[in-house]
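So the number in our numbering is just where the residue sits in the sequence shown, counting from 1, plus 212. Structure first, commentary second.
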Amino acid sequence: MSALQDFKKRKINKNWTHLQILSEIALLSDADGVTSKEERNSIEKKLALKKGKKRVDFGPNPPPVLPVNFLNKIRHMHGKYIVRVIQKPLYKSDISKPECRFSIPVKQVQQEFLTKQEKILLDTCDSHKKKASRIEATLIDPSLTEKKISLRKWETKKKHHIYGSGNSSSSYSSSSYVLMNKWYNIVEENQLKKGDVVQVWAFRAAAAASASTSSSRLCFALVVVKRSPSDDQQEEEEDKESDHSDDKVLSRGIRFPLF
């Protein structure tokens, strides 16, 4: 088996340094003869691509419960039927001013939060405005401030290329709920940034004497579970891991092949 084939079975560590890349090639060369120049280039390219990808932090698992201060706020609003909709990291599109929306992929919804009538409404199109229908709601932001927000449902069509049989392609669609209407104001006021892990909770706010779901209004709560580390902090952590890994490699006294 060639070194390249053997390398495909190895687990990639995204924090590998250049020294570790060379040591991995050295180990493969020792085990299977001197690697060819083409194989070395292919291995280094694969390692570089893996190293460039940063691990996405989806937050604690299991997800934490709703904080007490939010629970008290919801009770003050006579809220009930509280469910966690999603826990996710904020992506670039979630904090973009031009896009001004927060995406909740339908397949990632953790607990059902819409009534049958609301689902039907979001699946219909407003013929007058020629836009997807929306539901007006209230959102409790991380500072416990009530904000007006709109909920819509978007269908996105994508193409998937199939290689091997004439390079044909097939199309598929993905659905997402989106929170809109001055969403970027919430991002700015709460200093939300890419990589922050947030939870969205849904509940029904009704009059104190009402126990009917149909007479209640849809509300949300946005909770910041974990703040993303700053670029300096992240680089410092990666440097520490890299230095520690280099020490381990050097302590082994690995022999490198002559290129």
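Glycine included, C-beta positions come from ideal geometry on N, C-alpha and C.
Counting only the Cα atoms, Leu334 lies some 8 Å from Ile347.
Secondary-structure assignment with DSSP links Trp366 through a beta bridge to Ser388. The C-beta separation of Asp408 from Ser440 comes to about 5 Å, placing the pair in contact by the 8 Å criterion. With 16 or more other Cβ atoms from the protein chains shown falling within 10 Å of its own Cβ, Ser428 counts as buried. Around the beta-carbon of Lys365, 16 or more other beta-carbon atoms lie within 10 Å, marking it buried. Secondary-structure assignment with DSSP links Trp413 through a beta bridge to Arg296 and Ala433.
Rounded to whole angstroms, the separation of the alpha carbons of Lys319 and Asn397 is 27 Å. Sequence-distant Cβ neighbours of Gln323 in its own chain, meaning closer than 7 Å and more than five residues away, are Val295, Arg296 and Val297. Look at Glu330 here: in three-state DSSP terms it is helix.
In the structure shown, Lys285 adopts helical secondary structure according to DSSP, grouped into three states.
Annotated as proximal: Lys360 and Asn393, with beta-carbon spacing under 9 Å. Note on geometry: alpha-carbon atoms of Lys285 and Lys406 lie some 27 Å from one another.
Taking Ser385 as the centre and dropping the five residues before and after it, the same chain places the C-beta of Glu367 and Lys369 closer than 6 Å to its C-beta, in chain order. Within the same chain, Asn402, Leu434, Val435 and Val436 come within 7 Å of Pro354 by CB-CB distance, once the 5 residues on both sides are set aside. Straight through space, the alpha carbons of Cys431 and Arg287 are spaced by roughly 12 Å.
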